[in-house]
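With the first letter of the sequence shown counted as 1, position 114 gets the number 113 in numbering that gives the first Met the number 0; the numbers rise by one all the way through. We put the CB at the ideal spot given by N, CA and C, even for glycine. Below you'll find the structure, written out as structure tokens, and then a few comments.
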Amino acid sequence: MNNLILIGMMGSGKSTIGKAIADKLGWKHLDTDKMIEDMQGMTIREIFDRYGESHFRSLEAKLVEQLKTVESTVISTGGGIILNHLNTMVLREMGLIVYLRALPKTLNANLEGHTKSRPLLDHQSIEVIYKVRDPLYRNSAELVIDMDLLSNQEIIDVILNYTKR
Numbered sequence: 000m001n002n003l004i005l006i007g008m009m010g011s012g013k014s015t016i017g018k019a020i021a022d023k024l025g026w027k028h029l030d031t032d033k034m035i036e037d038m039q040g041m042t043i044r045e046i047f048d049r050y051g052e053s054h055f056r057s058l059e060a061k062l063v064e065q066l067k068t069v070e071s072t073v074i075s076t077g078g079g080i081i082l083n084h085l086n087t088m089v090l091r092e093m094g095l096i097v098y099l100r101a102l103p104k105t106l107n108a109n110l111e112g113h114t115k116s117r118p119l120l121d122h123q124s125i126e127v128i129y130k131v132r133d134p135l136y137r138n139s140a141e142l143v144i145d146m147d148l149l150s151n152q153e154i155i156d157v158i159l160n161y162t163k164r
């Protein structure tokens, strides 16, 4: 395994889990949304408001291409990265894709108080986004973790045990 790629809905804990796994493995951690914000000098919300979602998705696709050469890295992806099939194909070549699957009830609870930075939630509910994306995440991932009843440490342990196989 060259890299570990975490996919899933906003609020599923990809960044938190990703950082913890990277620390345990002694690997780098990259967060694609944070990288885009740093490169653009603006927040995801500002990019969406100024240029629209399609522009953001093109920035995301360019970043995935740039990441093709990384090694020993845990990558926490933005929730919509799987909307572009080419992104998924590149990510599969880069390493193990893990879907951190949480039900909308859990996602809503995790995002409580943080929805202002989530532009997609201006026009759609978590439930609607989940219904569209859940099958895409499932088809993209080698490992699906139903995390609603697991602690972060249990999720980390499942992933690390899977990588040792």
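Cβ pair S139, Y98 closer than 8 Å
yes
How far does the beta strand (DSSP E) with I6 in it extend, from its first residue to its last?
2 to 6
Any idea if A108 is buried or exposed, counting beta-carbon neighbours within 10 angstroms, 16 or more meaning buried?
exposed
Are L62 and L3 closer than 8 Å when you measure CB to CB?
no
Here's the rule I'm using: 16 or more other beta-carbon atoms within 10 Å means buried, otherwise exposed. How should M38 be labelled?
exposed
Based on DSSP bridge pairs, tell me the residues matched to R100.
D145
The region 65 to 82 contacting the region 122 to 137, beta-carbon criterion three pairs below 8 Å:
yes
From the DSSP output, read off the bridge partner residues of V73.
L3, H28
Note down, in chain order, each residue of its chain lying with its Cβ closer than 8 Å to the Cβ of H54, except the 5 sequence neighbours on either side.
I46
Assuming contact is defined by CB atoms lying nearer than 8 Å, are N151 and I35 in contact in what I supplied?
no
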